[in-house]
């Protein structure tokens, strides 16, 4: 599969409010009404995760697609604050206006969407690297991208698109035949995205919530990076005025955009999934600082006597260690 080029489309969109982009990937935002998937990728400087890929794919297929012939790249996918996703309309060339039947046009759109989603999952990786995907997501993308190969057979059977209720039977047939049947319609893609959930009927709410969170967290990350950039500039001015380079200033300046984005992703993950804290046993309050009232050895022995640590049993020879055992018992008293 072709690797993404990670280039900006450079096409202006009047539906986005004016913003000033800086060389470090941050920009002064005036609360945009929509963000392209490419902007999201550049903000995080890493690919989207699989749950986000499922959500973007589902929301793209559930939204309106009038006047869209193909998905050029992740810049053609537009996320909105409410969690809806739409495709950017592009100017048609004269050679593209000749008649394609609606089924063929939708098949080509599904295929290009699969390539764009894969590009977002593969974004930023070297040519020698390839991201490992779950079998379900990899199968979905393969079936979307393979839509042009088996499209004639699927197009001839128009009844299977209506509701796509025979999905399980078709998958059993595919396993028996040893081939992957391509999906050629938005309805089929949505059915596959919903079927992976424990309750497929909740797919619209779930995937919209995922896209809404992706939009909001991207804006919050961009705001955070702007504050970091401004703080760096202020520290540089202070250091030049004082003619001194503080060590903390140098360490802060060494952190790049990708480092801040990685820390932000880690923080969001911990806030969403929670952090497991270690159990702390109640200890009697001591007015004197323990680290100075006892030596490190005495502190360790105190912890062992109080059984704060569980020591593993070690099997040793009884004859050799009778004297050692006696000495240990004596030291513990």
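Numbering (UniProt numbering), first residue to last: 1 to 333. Ideal Cβ placement from N, Cα and C applies to all residues, glycine included. Only a predicted model underlies this, so the values are computations on that prediction, with no experimental measurement involved.
Burial state of residue i (16 or more Cβ within 10 Å)
{"i": "residue 197", "result": "exposed"}
{"i": "residue 218", "result": "buried"}
{"i": "residue 306", "result": "exposed"}
{"i": "residue 143", "result": "buried"}
{"i": "residue 109", "result": "buried"}
{"i": "residue 182", "result": "buried"}
{"i": "residue 41", "result": "buried"}
{"i": "residue 13", "result": "Summary for residue 13: the model assigns pLDDT 39, below 50, so the residue's position carries little reliability; its value from the coordinates is reported in the next sentence. Burial call: exposed."}
Cut-off 7 Å between Cβ atoms - residues of its own chain near residue i, not counting five sequence neighbours on either side
{"i": "residue 190", "result": "58, 61, 62"}
{"i": "residue 203", "result": "58, 193, 194, 197"}
{"i": "residue 141", "result": "114, 117, 118"}
{"i": "residue 315", "result": "none"}
{"i": "residue 200", "result": "194"}
{"i": "residue 300", "result": "none"}
{"i": "residue 268", "result": "217"}
{"i": "residue 298", "result": "none"}
For residue i, the three-state DSSP class (helix, strand or coil)
{"i": "residue 180", "result": "coil"}
{"i": "residue 36", "result": "strand"}
{"i": "residue 210", "result": "helix"}
{"i": "residue 79", "result": "strand"}
{"i": "residue 192", "result": "helix"}
{"i": "residue 165", "result": "Confidence at residue 165 is low in this model, with a pLDDT of 47, below 50, so its placement is unreliable and no value can be given for it."}
{"i": "residue 133", "result": "coil"}
{"i": "residue 87", "result": "strand"}
{"i": "residue 264", "result": "helix"}
{"i": "residue 45", "result": "coil"}
{"i": "residue 187", "result": "helix"}
{"i": "residue 111", "result": "helix"}
{"i": "residue 122", "result": "coil"}
{"i": "residue 64", "result": "coil"}
{"i": "residue 73", "result": "coil"}
{"i": "residue 237", "result": "helix"}
{"i": "residue 313", "result": "coil"}
{"i": "residue 143", "result": "helix"}
{"i": "residue 232", "result": "helix"}
Pair within 9 Å by beta-carbon distance, residue i and residue j
{"i": "residue 106", "j": "residue 184", "result": "yes"}
{"i": "residue 77", "j": "residue 128", "result": "no"}
{"i": "residue 87", "j": "residue 65", "result": "yes"}
{"i": "residue 45", "j": "residue 139", "result": "no"}
{"i": "residue 208", "j": "residue 104", "result": "no"}
Sequence-distant residues of the same chain with beta carbon closer than 8 Å to residue i, five excluded per side
{"i": "residue 134", "result": "50"}
{"i": "residue 180", "result": "139, 142, 143, 146, 174"}
{"i": "residue 206", "result": "55, 197"}
Chain-order list of residues whose beta-carbon lies under 6 Å from that of residue i (same chain, five-residue window excluded)
{"i": "residue 38", "result": "74, 75"}
{"i": "residue 53", "result": "117, 121"}
{"i": "residue 221", "result": "43, 264"}
{"i": "residue 153", "result": "Because residue 153 carries a pLDDT of 44, less than 50, the predicted location of this residue cannot be relied on, and the following value inherits that uncertainty. Excluding residues within five positions, none has a Cβ falling inside 6 Å."}
{"i": "residue 137", "result": "50"}
Nearest-angstrom beta carbon gap, residue j and residue i [assumed within contact, 8 Å]
{"i": "residue 81", "j": "residue 224", "result": "About 18 Å separates the two Cβ atoms, so there is no contact after all."}
{"i": "residue 71", "j": "residue 112", "result": "4 Å"}
Proximity test, residue i beta-carbon vs the ligand HEM heavy atom, cut-off 8 Å
{"i": "residue 261", "result": "Although the ligand HEM was asked about, the structure shown includes no ligands whatsoever."}
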